[in-house]
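In what follows, a single structure is set out as structure tokens and then discussed.
Protein chains: 2
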Amino acid sequence: MEPASLGDVSTPGRVAAVGEGIGLDELALAARNHGLPLEALRYEVTPPGLHYVLVHYDIPAAEEAAWRLTVGGRVRTPLTLDPAALRALPAVTRRVTMECAGNGRARLSPRPVSQPWLVEAVGTADWTGVPLSTVLAMAGVERDAVEAVFTGADHGVERGVEQDYQRSLPLPVATGEDPRVLIAYAMNGLPLPPQHGYPLRLVVPGWYGMAHVKWLRDITLVDTPFTGFQQAVAYRYRQSPDEQGEAVGRIAPRALMIPPGFPDFMSRVRVVRPGPVPLEGRAWSGYGAVARVEVSGDGGRTWTEAEVAPRARRELAWQAWRCPWTATPGTHVLLARATDTEGRTQPLEQPWNRGGFANNLPQQVTVLCC
Amino acid sequence: MEPASLGDVSTPGRVAAVGEGIGLDELALAARNHGLPLEALRYEVTPPGLHYVLVHYDIPAAEEAAWRLTVGGRVRTPLTLDPAALRALPAVTRRVTMECAGNGRARLSPRPVSQPWLVEAVGTADWTGVPLSTVLAMAGVERDAVEAVFTGADHGVERGVEQDYQRSLPLPVATGEDPRVLIAYAMNGLPLPPQHGYPLRLVVPGWYGMAHVKWLRDITLVDTPFTGFQQAVAYRYRQSPDEQGEAVGRIAPRALMIPPGFPDFMSRVRVVRPGPVPLEGRAWSGYGAVARVEVSGDGGRTWTEAEVAPRARRELAWQAWRCPWTATPGTHVLLARATDTEGRTQPLEQPWNRGGFANNLPQQVTVLCC
């Protein structure tokens, strides 16, 4: 009980034994970083305080007046901008559905030990900011730049590596139109809350949350691919620890159902009365619009097509769906499954990977009709 | 796997076996109901979205225009009030520190299986509303009334009992000045967020959170003590299940420390450099002002008195404390312990009870100095 080095307190990632209960370390992360209560899927735009939160280290103390965003590296004109200067530039507002790459992790067996999400790590907000391409054009990106590296103010240790949180984007993504990356300073018309990146953050519509660097303080253009921890070690799809793995990027398709009826406090089983029970929810994909949502009332044996609202043009936000259902006495397991316009669909077997990323196995809602 | 009655899905409370890991049911509650990230103790008033949340069932959908608060039972003049009518009455704003009765539950061994809080189920807000005594005076409470029963709009099942969330207060508490109970409609100057009780809730300064009925829709004055589930079954201090137990009420004293330095992502061990490390935090008690905070840098072997800010008059809100500390290389376990003006202090042995309430064993912060 007397560790003396970082390596003693900051150990490599591990996978729990099959059937191993959630640990107090995982619980501490669950208590700090909350999900969207599923009844709040009824709000098109997630109310303040209900949007999921994932803070790797601590929410940094920040004062807007003292905040600076530097742009440097492979640029002609290095910049130092304050939030006021950014707000003076032409602004853009986009409705974006954001999801944590680790959503679904705690439903995997065996369970990768990290932030133990079930299905609730999602939210939708209207983000206002300056297109990243505008700021990069001001700096004048050199021809040999291949990526932009984004550094946040949050500092900590992870798997033995002390770091500021950093992620990069390939240059075509950073400057492109699909998605249009923003340096955001407002969420739903108000300054960013502390836990959502105050005063500045990146927003990369269609990508998982790790890309949307919070408490953004530096952008550096580089001429070789970035190999920092969060890029080369953490957010990779791997089966075994020694693989380089594939980079985690765009959000895999998912549908979520607003749990019908009313809940049991402890089990979260839903109770409904016999008769018509309209089912509703939201669906999204980072690859394109949702083309289809199917709903099962019998644990996945049979499926019915739901009615899906079209996606608003130029938004990468979830689409509402609804499906009539009739409840008969007994227990039923309801599922919803999304397919996007590229044909990507939610799998019916768990898509296990060592980091526990992108587990978009369909949500299961247990309903007691009595 | 085919339950057909409420009793199958809504089982009695239980205590986990010693060493039993957290279950997926506890995890689902942790993901829905979040705590205050401890670095956010730096804010005197907790920013929106960071104040702890405990929703027993679901956040009800509510529209202020349609909302009515009825006052009836043992009164001369039953009332039906809408939020606009309440806002027209003389308003009061009070800064209140609120804590969940179950804070600390998951640190108990053996662990009562319920919402698995560690130490973070707390927040401080400025609540604005009408004194309950004003509304009760308008209704004219009959002489034989002994309690006021408060009913919220949240409906669910708990330990086999289907219910709207209901709690009562003895009449002297309901109409008294210490604390002054409010029917609140604003939090930090804005309408209540959905998860904090929109559009109306009770605020009972100094009492644990279960008393502060959210989504308040009815007040009924009764001539016999209320024996509803949340009053007679749930929130009681018991050692064994068959005891009637003592009612949970006022908040036991607690000090929390802002974890110093920076964290390891997974273990939440703190890392500091050798030298002076000022320690700071907040302390509170529902019974009175905090008289003393003591801090230990050696796992509780020796204690130093911290400097404690006085409590603002007429507020039942936490008080800031600070204590200098010098970090030397190695691992240290830091503790903070509060004592209030009534002499109540945090215990050094866990105060076990079957419901897992009021476990105010001092927080332990593990710090690696290197």
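Residue numbers (our numbering), protein chains in the order written: chain A, -13 to 356; chain B, -13 to 356.
Glycine included, C-beta positions come from ideal geometry on N, C-alpha and C.
Since the structure is predicted, the reported quantities are computational estimates derived from the model, not experimental observations.
Who are the Cβ neighbours of Ile244/B in its own chain at under 7 Å, not counting the five residues just before and after it?
-> Leu24, Glu25, Leu27, Arg28, Glu266, Gly267
Can you name the start and end residues of the alpha helix (DSSP H) that Arg73/A belongs to?
-> 69 to 74
Do you know offhand how far Met(-13)/B's Cα is from Val4/A's?
-> Note on Met(-13)/B: pLDDT 47, under 50, position unreliable in the model; no value is reported.
Per-residue DSSP class, three states only, for Glu280/B = Strand, per DSSP.
Closest Cβ-Cβ distance between Gly272/B and chain A: below 8 Å?
-> Not one chain A Cβ lies under 8 Å of Gly272/B.
From Gln230/B to Glu335/A, what distance separates their C-alpha atoms?
-> 48 Å
Could you say which of Val281/B, Gly109/B, Glu293/B lies nearest to His318/B if we only look at CA atoms?
-> Val281/B
Sequence ranges, alpha helix (DSSP H) only - wholly within the segment 114 to 169 of chain A, length at least 4 | 118 to 125, 157 to 161
Could you list which residues in chain C have their beta carbon closer than 7 Å to that of His42/A, in chain order?
-> Structure shown: chain C not included; protein chains present are A and B.
From which residue to which residue does the alpha helix (DSSP H) around Glu12/B run?
-> 10 to 18
Residue closest to Phe136/B, alpha-carbon to alpha-carbon, out of Gly58/B, Asp164/B, His182/B | Gly58/B
What residue from His37/B, Ala241/B, Pro227/B, Ala52/B has the CA that sits closest to Asn345/B's CA?
-> Ala241/B
Beta-carbon of His198/B versus every beta-carbon of chain A: anything under 8 Å?
-> no
Are at least three pairs of beta-carbons, each pair with one atom in the segment 257 to 266 of chain A and one in the segment 63 to 73 of chain A, less than 8 Å apart?
-> no
Would you mind giving the Cβ-Cβ distance between Ala107/B and Glu85/B, rounded to the nearest angstrom? I have them listed as a contact below 8 Å.
-> Rounded, the Cβ-Cβ distance is 6 Å, consistent with contact.
With C-beta atoms as the reference, is Val189/B less than 8 Å away from Trp113/B?
-> Taking C-beta atoms as the reference points, Val189/B and Trp113/B count as a pair closer than 8 Å.
Just checking, does the segment 160 to 175 of chain B make contact with the segment 248 to 256 of chain B on the three C-beta pairs under 8 Å criterion?
-> no
Of all the CB atoms in chain A, is at least one closer than 8 Å to the CB of Leu354/B?
-> Chain A, which has a Cβ nearer than 8 Å to the Cβ of Leu354/B, makes this yes.
Just mark Arg153/B as buried or exposed, buried being the case when its beta carbon has 16 or more other beta carbons within 10 Å.
-> buried
Rounded separation between Gly358/A and Tyr151/B - CA only = Lying before the first or after the last residue shown, residue 358/A is absent from chain A, which here runs from -13 to 356.
Helix or strand or just coil, what does DSSP make of Met196/A?
-> helix
Local conformation of Met(-13)/A per DSSP, three classes = Here the model assigns Met(-13)/A a pLDDT of 47, short of 50, so the residue's position is not dependable and the matter cannot be decided.
Minimum C-alpha distance to Gly195/B - residue among Leu347/B, Pro64/B, Asp228/B, Gly88/B | Gly88/B
By how many angstroms is the C-alpha of Leu155/A removed from the C-alpha of Val105/A?
-> 26 Å
Are the Cβ atoms of Val279/A and Arg323/A separated by less than 8 Å?
-> It is a contact, given that the beta carbons lie within the stated cut-off.
In chain order, what residues of the same chain have a beta carbon less than 8 Å from the beta carbon of Pro(-2)/A, not counting five sequence neighbours either side?
-> For Pro(-2)/A, where only same-chain residues beyond five positions count, the Cβ hits under 8 Å are Arg145, Gly146, Pro227.
Can you list the residues of chain A that Pro33/B reaches, using a CB-CB cut of under 7 Å?
-> Pro179, Pro180
Buried or exposed for Asp130/B, please, with buried defined as at least 16 other CB atoms from any protein chain shown within 10 angstroms of its CB.
-> exposed
Rounded C-alpha distance that separates Arg0/A from Val99/B = Note on geometry: alpha-carbon atoms of Arg0/A and Val99/B lie some 26 Å from one another.
Which whole runs of the beta strand (DSSP E) in the segment 33 to 117 of chain A are 3 residues long or more, in chain order?
-> 55 to 59, 65 to 67, 78 to 85, 108 to 117
Interface partners of Ile45/A on chain B, CB under 7 Å = Pro23, Glu25, Ala26
Residue burial classification, Glu293/B (beta-carbon count within 10 angstroms, cutoff 16) = exposed
Taking only runs that begin and end inside the segment 246 to 308 of chain A, name each unbroken beta strand (DSSP E) of 3 or more residues, in chain order.
-> For the segment 246 to 308 of chain A, whole beta strand (DSSP E) runs of length 3 or above, ordered along the chain, are 256 to 258, 265 to 270, 276 to 282.
Best match in Leu157/A, Leu65/A, Trp201/A for proximity to Pro211/A [C-alpha to C-alpha] = Comparing Cα-Cα distances from Pro211/A to each of Leu157/A, Leu65/A, Trp201/A, the minimum goes to Leu157/A.
So is Ser271/B buried or exposed if we call it buried at 16+ other beta carbons inside 10 Å?
-> buried
Would DSSP call Gly316/A helix, strand or coil?
-> strand
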